[in-house]
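Participant: Sequential numbering of the sequence shown, starting at 20, is according to the numbering used here.
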Amino acid sequence: MSVTSWPRWADMPEFHLLPDGWSIDRLTDHVDIIAGQSPPSETYNDKGEGMPFLQGCTEFGDEIPVTKFWCTAPSKIAPSSSTLMSVRAPVGELNRADQDYAIGRGLAALVAEEMNPDFLYYGLHRWRRSFQRLGQGSTFEAITARQLKQVIVAAPEDGNEQRRIAAALRLADDAIAKTKTELEATRELKRSLLRSLFSEGLVQPKGLHCSKWINCPAHWTIKPLRYFAKVTSGFTMGRNLSRHETVTIPYVTVVNVQDGRFELKDISSTEIKKEELNTDLLQYGDILMTEGGDRDKLGRGGMWREEITPCSYQNHIFRIRLDADEYKPELFHFLIQTYQAKNYFFAHAKQTSNLCTINSRELKNWPIPIPSMDEQNRMVSALQAAEQQESATEQKVEALQQVKKSLLQHLLTGKIRIPEGTING
C-alpha cells in the first residue's frame, strides 16, 4: 500500500520500518465495522430483560463491560469476541465483547474477518494513537465513520504469528489481573485493620465507648482536636506581595492530596514572603487534609514526610500540627482514613451544588479517641506494615503495566519477533 494513499494523520513511524512478512493495509481490509445505534428509549430497562445494552464507554470495565442496562429491541448488535471501541469522547477506549451486546451511538464494534480477533484487540491499543492525534489541541468529541475507515494498520501476514503476539500480550494481561487481585486483597486487609484497631484497639477491650461519632475502647481518652493540635490553612496563590521580598517555592494543592498519600509528580509553585520561610512552611509530621471539593475528596490526606523541602500549601488545605507527645502523627495519618473520620466530616460539611466543605471550627471540635502511647506505637507498626504491603503491590502492578506497554510497542511494530513454538497461541 502506497504511503501517499493514506491521510497524514493516519501515518505511524513503524509503517516505514516494517520487517519482512508484515503488510500495511486499511483497517477495513481486515475488519467489519458495526456503528452503534441507539434503540427506542422505551425498550431500555435495568431489570435484565432482553439483550445487554451498552450506551458508551462509561460501562467499560478493565477489559469486559459491566452491564447496567438491557434492551428488548436492539438496533445494532456487537457479536461476542468483537472489539468494542468508544467513538465519542474519550475516543479510542477499548473493551472486549464477552457476549452479544446491543450498542448505542457512543460505540462501534470491530469484528475481525481477515485477522486474529485477539491480535485485533491488542493492535487497536497502538493503532488508535493515529486517530487520537486528530484531537490534539482541540476538543475531540468523536471519530466519524469515514475517519475510522481510513485508519491504517500494520500486521504480520502469517495468522500464526498474529496468534503468538496476542498470546504474549494475554500473558502480560493475566499477570496484571492476578496482581490487581492481590492488590485488592492488601487494600481489604488495610481497611479491616483500620476498622478493628480504631474501634476495638489491639486487644478485646473490657468495655466500649459508643456515641454518634465515636466507637472506641472505653479506656481511651477523648478530646477535641483543638486541645492537642494547631489547625491552619495555607497560602492563597496570587497574593499582592509587591512590597515584600519574595521567594518562589513548591506549592501543594488539593490535586496533590490523595487519600493516604500525595501525588507530587506535577506540583505548582507560588511566591511567598521571604520571612515566611521560617514560620509557615510544611514540616515533617504535619497532617495535610483537604477542606472540601467533591464529596469523595472531603477530608482526604495524610502525613507529610518532607517529600519536598521547602514546600508551601494551598489555602484549601488544612495543616494539622499535632502535639506528638499526645497523639502520634503517624497514627493520625491512618485515623483520617477511617469510616468514623469520614462520617464526622460528611456530617459537619456544608454542601452546595455537589461541593462539600468543612470549616476549621468544626475540624477543631472533632472529638478524637486517644489510645495510650504504647498502644499508638503498636497500632502504627501494624498499619504501616499493611500500608507498605499495599505500596509494594501497587509498584508491582505499575511495573507489569510498563512491561506490557513495552511489549505493545515492540511486538506490534515487528521490532521483536516471537519464533514459532516458543509460546502457545
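Beta carbons are placed, not taken as given, at the ideal position from N, Cα and C, and that holds for glycine.
1. For residue 388 and residue 239, I'd like the C-alpha separation in whole angstroms.
2. What are the start and end residues of the alpha helix (DSSP H) that includes residue 192?
3. Starting from the C-beta of residue 383, find all residues in its chain whose C-beta is less than 7 Å away, skip the five residues before and the five after it, and write them out in chain order.
4. Do residue 409 and residue 205 count as a contact pair if the criterion is CB distance below 7 Å?
5. Residue 261: which of 293, 399, 287 and 247 sits nearest, CA to CA?
6. CB residue 241 to CB residue 59, shorter than 7 Å?
7. Could you tell me whether the Cβ atoms of residue 426 and residue 108 are closer together than 7 Å?
8. Following the continuous beta strand (DSSP E) through residue 129, name the residue where it begins and the one where it ends.
9. Identify the residues that DSSP records as bridge partners of residue 308: which are they?
10. I'd like the list of long-range same chain contacts for residue 300, defined as Cβ closer than 7 Å, with 5 residues on each side in sequence excluded.
11. Which complete beta strand (DSSP E) runs does the region 58-88 hold, if anything under 3 residues is left out?
12. How many whole angstroms separate the CB atoms of residue 101 and residue 128, which I take to be in contact at a CB cut-off of 8 Å?
13. With three or more beta-carbon pairs closer than 8 Å as the criterion, would you say the region 296-310 touches the region 347-356?
14. Considering only C-alpha positions, which residue in the set 172, 291, 280 and 248 is nearest to residue 269?
15. Going by C-alpha distance, which of 395, 257, 81 and 90 is nearest residue 69?
16. With C-beta atoms as the reference, is residue 95 less than 7 Å away from residue 53?
17. From residue 324 to residue 422, what does the alpha carbon distance come to, in whole angstroms?
18. Across the region 119-126 and the region 134-146, are there enough close Cβ pairs to call them in contact, namely three or more that are closer than 8 Å?
19. Straight-line CA distance for residue 390 to residue 434?
20. Can we say the region 210-217 touches the region 411-422, given the rule of at least three CB pairs closer than 8 Å?
21. By Cβ distance, which residues of its chain are closer than 8 Å to residue 171, with the 5 residues on each side in sequence left out?
22. Would you decide whether residue 375 is buried or exposed? Buried here means 16 or more other CB atoms lie within 10 Å of its CB.
23. Classify residue 380 as buried or exposed, calling it buried when 16 or more other Cβ atoms lie within 10 Å of its own Cβ.
24. Tell me whether residue 263 is buried or exposed, calling it buried when 16 or more other Cβ atoms sit within 10 Å of its Cβ.
Facilitator: Based on what the coordinates show:
1. 6 Å
2. 178-219
3. 243, 244, 245 and 250
4. Cβ atoms of residue 205 and residue 409: closer than 7 Å.
5. That would be 293, whose Cα lies nearest to the Cα of residue 261.
6. no
7. no
8. 126-131
9. Answer is 320 and 337, bridged to residue 308.
10. 329, 330 and 331
11. Complete beta strand (DSSP E) runs here, min 3: 70-73.
12. 4 Å
13. yes
14. 291
15. 90
16. yes
17. A straight-line Cα-Cα distance of about 30 Å links residue 324 and residue 422.
18. no
19. 60 Å
20. no
21. 20, 25, 29, 30, 31, 34, 43, 44, 45, 46, 146 and 149
22. In this structure residue 375 is buried. Its beta-carbon is surrounded by 16 or more other beta-carbon atoms within 10 angstroms.
23. Residue 380 is classed as exposed because its beta carbon has fewer than 16 other beta carbons within 10 Å across all chains shown.
24. exposed
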